[in-house]
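Structure first, then comments.
In the numbering used here, the protein residues as written are 10 to 336.
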């Protein structure tokens with residue numbers, strides 16, 4: 010079994026270019042990773058190993074004099090990265106803590122969390138818990154990825170730090186990318202990783218879903234029919250073909266208060282079903298959702314079909330939270 014123990018120690022600061030509008034230097038401490046190989050056949054307790062590395066990390070970090078004038082001095086500390094692909098085909102990633110994160114909120118703090126995933130598929134994503142109003146969060150969380158050992162060389166581990174915002178899109182603080190094929194797992198490796206600026210990616214295309222809306226005012230009946238989906242990010246062979254309908258009894262005087270949320274999930278027989286994307290339809294929605302709702306109300310008793318692009322789950326949830334806050 011191969012163990013990855015990542016911990017931080019003192020190193021020479023690296024000076025980056027001044028950010029726009031800033032007169033002070035930006036110092037970026039690095040992230041140190043020590044990789045050791047254990048070929049013993051004796052069973053290893055993962056929890057004991059994690060506690061041992063965490064204590065070692067905390068003892069080391071206390072000895073580091075972080076510069077008080079640092080602006081973005083940042084290190085995401087990923088601890089206990091255990092590669093068990095040789096036997097179980099599982100990559101276990103442990104996130105210990107981050108230090109001196111960039112302030113993203115007006116109060117001089119951030120609400121950070123770390124999103125962990127593996128490229129290129131990005132099918133399985135994990136989020137740490139959100140830590141409120143801190144620039145030095147301690148996470149101590151572990152996550153697992155099922156990856157065949159023969160495929161691990163073509164993967165890239167990504168740890169992206171976000172600032173949580175309840176009512177809007179979460180801001181990216183920075184990220185670390187670790188190409189697995191750059192690591193020699195046959196011997197201990199020690200290297201530094203800095204939190205880099207996240208790449209500005211185009212909005213991910215999650216797919217489209219076609220639904221029909223029908224409202225009968227005299228009966229107070231709203232029918233939502235799921236007709237078809239296409240170009241789904243994780244759609245299995247066969248796709249979605251059979252229509253499904255859901256009916257709700259809603260008095261006409263309540264129709265202006267209705268907001269329908271439709272979620273497309275990626276079914277998992279073993280673990281949690283992951284959301285591929287969501288859409289909002291109703292009088293309080295925007296864009297295609299509002300247009301479809303208005304067309305339905307303008308044509309009572311007639312089913313009105315329309316395609317909707319799926320939106321990221323976190324964006325839809327943030328929009329719902331903002332609407333609920335206005336009530």
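Every residue, glycine too, gets a C-beta built ideally from N, C-alpha and C.
Practice task
Identify whether residue 78 lies in helix, strand or coil by the three-state DSSP scheme.
Solution key: With a pLDDT of 38 at residue 78, under the threshold of 50, the predicted position of this residue should be treated as unreliable, and no value is reported.
Practice task
For residue 146, count neighbouring C-beta atoms within 10 Å of its own C-beta (all shown protein chains included) and say buried if the count is 16 or more, exposed if not.
Solution key: buried
Exercise for the section: Could you name the residues of the same chain whose beta carbon sits closer than 6 Å to that of residue 190, not counting the 5 residues immediately before and after it, in chain order? Expected result: 162
Exercise for the section: Could you name the residues of the same chain whose beta carbon sits closer than 8 Å to that of residue 312, not counting the 5 residues immediately before and after it, in chain order? Expected result: 221, 222, 223, 232 and 234
Handout entry: Distance, residue 139 Cα to residue 281 Cα
Key = 20 Å
Handout entry: Top-ranked residue by Cα proximity to residue 154, from 294, 256, 271 and 167
Key = 167
Exercise for the section: Please confirm whether residue 296 and residue 269 have their CB atoms less than 8 Å apart. Expected result: Contact: no.
Handout entry: Inter-residue spacing [alpha-carbon to alpha-carbon] between residue 116 and residue 186
Key = 30 Å
Exercise for the section: Find out if the Cβ-Cβ distance for the pair residue 218, residue 317 is shorter than 8 Å. Expected result: yes
Handout entry: Inter-residue CB distance, residue 156 and residue 170 (contact presumed, cutoff 8 Å)
Key = The Cβ separation is near 23 Å, so there is no contact.
Practice task
Determine the extent of the alpha helix (DSSP H) in which residue 325 is found, giving its start and end residues.
Solution key: 322-334
Exercise for the section: Assign residue 148 to buried or exposed, taking buried as 16 or more other Cβ atoms, counted over all protein chains shown, within 10 Å of its Cβ. Expected result: buried
Practice task
Keeping to the same chain, check which residues put their C-beta closer than 6 Å to that of residue 150; ignore five residues upstream and five downstream.
Solution key: When the five nearest sequence neighbours on each side are left out, the beta carbons in the same chain lying within less than 6 Å of the beta carbon of residue 150 are those of 104 and 137, in order along the chain.
Handout entry: Within the segment 106-188, ranges of the beta strand (DSSP E) (whole runs, at least 3 residues)
Key = The segment 106-188 contains these whole beta strand (DSSP E) runs: 121-128, 134-136, 147-155, 165-172 and 180-188.
Handout entry: In chain order, each alpha helix (DSSP H) run of at least 4 residues that lies wholly inside the segment 251-317
Key = If one requires a minimum length of 4 residues, the alpha helix (DSSP H) runs lying completely within the segment 251-317 are 296-307, in chain order.
Practice task
Run the CB neighbour count on residue 122, radius 10 Å, all protein chains shown included, and call it buried at 16 or more, exposed below.
Solution key: buried
Problem - Contacts around residue 284, its chain only, beta-carbon distance under 8 Å, and the 5 residues preceding and following it disregarded - result: 272, 273, 274, 275 and 322
Practice task
Flag this pair as yes or no: are the beta carbons of residue 267 and residue 259 separated by less than 8 Å?
Solution key: Between residue 267 and residue 259, the CB-CB gap stays under 8 Å.
Practice task
Report yes if the CB atom of residue 165 is closer than 8 Å to the CB atom of residue 128, and no otherwise.
Solution key: yes
Practice task
Compute the Euclidean distance between the alpha carbons of residue 315 and residue 101, then round it to the nearest angstrom.
Solution key: 42 Å
Handout entry: Rounded C-alpha distance that separates residue 226 from residue 310
Key = 8 Å
Exercise for the section: Return yes when the Cβ of residue 319 is within less than 8 Å of the Cβ of residue 286, no when it is not. Expected result: Yes, the pair counts as a contact, with Cβ atoms nearer than the cut-off.
Exercise for the section: My understanding is that residue 173 touches residue 120, with C-beta atoms under 8 Å, so please give their C-beta distance in whole angstroms. Expected result: 4 Å
Exercise for the section: Can you have a look at residue 109 and say buried or exposed, based on whether 16 or more other CB atoms are within 10 angstroms of its CB? Expected result: buried
Handout entry: Element boundaries [beta strand (DSSP E), containing residue 231]
Key = 230-239
Practice task
May I have the straight-line CA-CA distance separating residue 264 from residue 114, to the nearest angstrom?
Solution key: Those two C-alpha atoms are separated by around 37 Å.
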